[in-house]
Amino acid sequence: MKQLRNFTEDQVNHFLNRWFMDANVCHCDTCRMDVAAIMLNNLEQKYVVTDEGALYAQLGEFDPQHKVDFVTIMNQAAKIVNDAPRH
Ligand SMILES: [Zn+2]
C-alpha cells in the first residue's frame, strides 16, 4: 500500500521526539504542537510517495548541520510560543 507523506512533517516530529525537551518552552502537548506548526510553516514542505511504514526508517540520524538548523528553527518557534502560550 503506497501512501503520500509529508516528509518535512515526519522530520520535524522525529526531531522533536529527540530534542524538544531541550527547547526553552513549556513541554505540554499544546505547546509542543504549536512549536511543530510554526516550524512547519517556516520549512519547505517535501511530499513523497512511500510504502506504508517505510519512511521512518529512512529518516535515520540527523546530520550535524541539519540538526543545528532545526535547533535554530525550534528555538525561534519556542520564543513565539512563549510570548503567547495557548495552553
Ligand atoms: Zn504549554
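Residues in the sequence shown are numbered consecutively from 7, following the numbering used here. We put the CB at the ideal spot given by N, CA and C, even for glycine. Remember, predicted model here, so these are calculated numbers, not experimental data.
Report yes if the C-beta distance between residue i and residue j is below 8 angstroms; otherwise report no.
{"i": "Leu22", "j": "Ala42", "result": "yes"}
{"i": "His72", "j": "Cys32", "result": "no"}
{"i": "Ile86", "j": "Leu49", "result": "no"}
Please find out if some non-hydrogen atom of ligand 2 comes closer than 7 angstroms to the beta-carbon of residue i.
{"i": "Thr14", "result": "As for ligand 2, it is missing from this structure, which binds only ligand 1."}
Pick helix, strand or coil for residue i, following the three-state DSSP scheme.
{"i": "Asn48", "result": "coil"}
{"i": "Arg24", "result": "helix"}
{"i": "Val55", "result": "strand"}
{"i": "Arg11", "result": "strand"}
{"i": "Asp16", "result": "helix"}
{"i": "Val31", "result": "coil"}
Using a strict less-than 6 angstroms threshold between each residue's beta carbon and the heavy atoms of ligand 1, what residues do you get?
Cys32, Cys34, Thr36, Cys37, Pro91 and His93
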